[in-house]
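Working notes, beginning with the structure itself.
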């Protein structure tokens, strides 16, 4: 079980959160076309290493935020609000 | 009878006798005994049969690492299999049975397997029972299961009680031996939040075996009494400093889920079993275990004892037994010389240096054969052989939590790599001897506290003593069965066979031979097995490693993991605000997701179509009311609320007038339909969304995520108001007649037309009215605060509205051709459902781009249609496949099926390839499950009032 640092509430059990996907992809502009949206919806890297991801504190403040997590060691190096860049 | 109780001071209370049963026979032990110590005191030698070969086996250890003495404990629902007798705290009336023997422990017919042992090599099952495949299930597996099995699980509900306690601390110390007590005492003194776990019912670990340590232990225990959890075993370590521990309590167990900053692993070390021929014979026991039984339980485990060990610590068992008056005939040590050999000779023990045990004899041990320094052999008559191959630090919990293990040649064992959170102390760190372990525990606690920014002072320590020296013994090569896994009957030869057959990696060898796969997880023989593999492969032991350690460290009950989340608490149950009203008025409930909803109202519990159609006809012909409070409701407010809704819905909402409602369709980004519902504009910056019951949570998450991450610039706030509002659908030609006298607004069609929405006082309660219809009739949805729902509902019923349930609602919507989850199944597009005209032609919205993919617009996609049987009385089954007459290929399937209230006979919705172009065709609804083939006509999905005249009435 992960212990996840919510930027609003502090550290809490993984069970309070919902994983919301890869935070490194960006929704294309409306006129970007089918290929761009196809990549956005279906294509994901699967790194063995650091991964930037969205988590939502669904059973808490309901904030959505970014987490930088190592997919092998599960170490969480950073969490921050949308739009913030990890150090 | 070889073991016996001595009269000497120990940690038992001879004044408190306890009666218990083992295999139906009456025994007596005393308070402070384990089941194992009481059986040994009673002279019992054979306590179980091995898994594969059914060889007689005796008690080998004095702790949770026991591979042999597994018992079924308790009776009826309390029956628990595979419990090591070595950890069972004896209690009055305890009932235990041995396992894996038939018909009895003394005479086991299956022991015949031992005669065929040469025919049962590693991988035997894989190699032999392979053909014909059908025989595996019918013949081989049942026979094998009868022969090879451990205990029987209880078949009744578990009557014990369980719960979970969530705990938080700065420093968790696992193990309350010398190192753990020293560490915990220092942590407590420094003011850190500390938890100390100990698996035993008598706390103190190795210090319990030496009375000289009593005062030191007592002082530490007094200091840590507030943070000590006794009888509590750490069963698993997880990421981020989470440790699970099970506390054994009277009447049940408690799972402690502990979140901690730092962990001091003071779990000690497990003495290892050396592999030598005949090392499984009852009477062979680990040296430290014999010392435990003597010093803690006043039990001499034999009368004529020998010791086979390569380390000084093991000599303590021999010395203590001699002091207690037991004959210790010989010490066999592979070392040419060692410090305690002189003392042993002074004590009258014959010491064979540079020697090894190469054979044992007897049903239970009667004789050992020693290979002497020069190679000669000597037989010695003994009833007990104490063995010690060295000590393995107990690192499972940390290893489960992914702390890497490092091979430490100096201790011939694996220790923990440096880790910011986990640190081992004492024997778990390869620091042996009580004094050295206590000092190490104190030192480690100081480091751990410093890493948390806490100053601490060294604790009081006993005088230092030299750490015992030793060498590891892994295998004595000599002819015969040398076991590395007693529970699963794996021998050193089996592992070599695995290497020859290509299963040489430690993980492959484990699975091929089942080495270390027993309930004891190979604690005493695991490293011995790795050493055999290393020798066979010509590698260093450190390069072979151990198989990956996984939870749980000991056998763990399902009940402990489930805690109190069983029965009705297994899943939460959601009840409508008017649940009790529905219950009192004959509602038969159905569980939809977590919700309990009225299926039909019937005083007699009748759920047949008759009752359902009565309710549906009441709506079509007069007026009915149904509880739709479980719909998701989301409040959307802010200056950009309309813009936001334009982006999340496929149709437009920014143009919706205040006081109006509109049906909305949400797509997923991949272009398929996500959910639908009605959204109303209550003010310029204020909308309220309704979602389907099933998708209520998902829609809110979907909206919140897009608002937070994709369009954070939009000034919009979202809040779920699902539980705040009760909502009722009042439907039928007389709906206005019933509602109008109860409200403070004008409901005349001109004043409050179809799709109007707004605030109103209903039966004295401030609420909202939406003129929307799911049934296809003139209808109003009334929303009122959940706590004030009952008088409003009652007023509607008193006004003549007949309550109707989910089944009638389903009849009405199928007749009208409205979709629910069966049609919004994640595989349908707006066009499939005939809703293609709702999609905006311009502007960004979720799913807008990918819904234009060619395959999603193909003409032969499955499209929503109505289906009516040619013979109206023939039933169309839900899920039936649709085929052309005379053909076998499916062209679609039935999604929803009802008896029609208005049209009579059966009526269904279905998805048919290119269905809209096939209206009027006759096809067949085939249900091979029921053996039914029903001829049906494809129709429009809108079976009643296709022109929507009723809803506008």
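Protein chains in written order, with my numbering: chain P, 1 to 87; chain D, 88 to 1040. Virtual Cβ for every residue (Gly too), placed ideally from N, Cα, C.
Here residue 360(D) has 147, 366, 373, 474, 476, 570, 571, 573, 611, 612, 615 as same chain residues with Cβ atoms under 8 Å from its own Cβ, once five neighbours each way along the sequence are excluded. Counted as a single uninterrupted DSSP element, the stretch harbouring residue 810(D) is not any beta strand (DSSP E), since DSSP gives it neither H nor E. Remark: three or more beta-carbon pairs, one from each stretch, lie closer than 8 Å, so the segment 942-957 of chain D and the segment 996-1004 of chain D are flagged as touching.
The beta carbon of residue 719(D) sits closer than 8 Å to the beta carbons of 764, 776, 777, 778, 779, 780, 782, 783, 784, 786, 787, 807, 809 from its chain, once the five residues preceding and following it are set aside; these are given in chain order. Any Cβ of chain P closer than 7 Å to the Cβ of residue 666(D) would place that residue at the interface, and such an atom is absent. The beta carbon of residue 59(P) sits no closer than 7 Å to any beta carbon of chain D. Comparing alpha carbon positions, the residue from 725(D), 766(D), 632(D), 849(D) closest to residue 502(D) is 632(D).
For the segment 64-87 of chain P, the residues whose beta carbon sits under 7 Å from a beta carbon of chain D are, in order, 64, 73, 74, 82, 83. Residue state for residue 979(D) is assigned as strand, using DSSP reduced to three classes. Assignment of beta strand (DSSP E) within the segment 480-563 of chain D, counting only whole runs of 3 or more residues, yields 492-495, 500-503, 509-511 in chain order. Taking CB atoms only, residue 12(P) has no neighbour in chain D less than 7 Å away. Per DSSP, residue 666(D) has no beta-bridge partner at all. Taken in chain order, the complete beta strand (DSSP E) segments of 3 residues or longer contained in the segment 828-881 of chain D are 844-849, 852-857, 866-872. Residues are counted here when their Cβ sits less than 9 Å from a Cβ of chain D; for the segment 21-51 of chain P these are 21, 23, 26, 27, 28, 29, 30, 31, 32, 33, 34, 36, 37, 38, 40, 41, 42, given in chain order.
For residue 1014(D), the secondary structure class from DSSP, reduced to helix, strand or coil, is strand. In this structure, residue 287(D) and residue 391(D) do not form a Cβ contact; the two beta carbons are roughly 30 Å apart against a cut-off of 8 Å. Contact check for residue 683(D) and residue 658(D): beta-carbon distance about 12 Å, past the 8 Å limit, so the pair fails to qualify. Between the segment 826-839 of chain D and the segment 891-899 of chain D there are fewer than three C-beta pairs closer than 8 Å, too few to call the two in contact. By the beta-carbon neighbour count (other beta carbons within 10 angstroms, threshold 16), residue 481(D) is buried. Look at the segment 784-811 of chain D: the residues with a C-beta under 8 Å from a C-beta of chain P are 788, 791, 792, 795, 796, 797, 799. Of all residues in the segment 751-778 of chain D, only 756, 757 place a beta-carbon less than 7 Å from a beta-carbon of chain P. Any Cβ of chain P closer than 7 Å to the Cβ of residue 602(D) would place that residue at the interface, and such an atom is absent. Taking a C-beta distance under 7 Å as the contact criterion, residue 123(D) and residue 543(D) do not qualify as a contact pair.
Residue 326(D) belongs to the set of residues whose beta carbon lies under 7 Å from a beta carbon in chain P. Here residue 9(P) is exposed, its C-beta having fewer than 16 other C-beta atoms within 10 Å.
Between the alpha carbons of residue 926(D) and residue 732(D) lies a gap of roughly 13 Å.
Taking the CA atoms as reference points, residue 796(D) sits about 8 Å from residue 65(P). Within a 10 Å sphere around the beta-carbon of residue 101(D) sit fewer than 16 other beta-carbons, which makes this residue exposed.
Straight through space, the alpha carbons of residue 627(D) and residue 621(D) are spaced by roughly 6 Å.
Taken through DSSP and simplified to helix, strand or coil, residue 253(D) comes out as strand.
The DSSP-derived three-state label of residue 42(P) is helix. Shown here, residue 823(D) sits in a helix according to DSSP, grouped into three states. In the structure shown, the three-state DSSP call for residue 6(P) is strand. In its chain, beyond the 5 residues on either side, 710, 817, 883, 886, 887, 888 have a beta carbon closer than 7 Å to the beta carbon of residue 825(D). Closest in C-alpha terms to residue 47(P), from the list 4(P), 60(P), 69(P), comes 69(P). Here residue 143(D) is not near residue 158(D), since their CB atoms are 7 Å or more apart.
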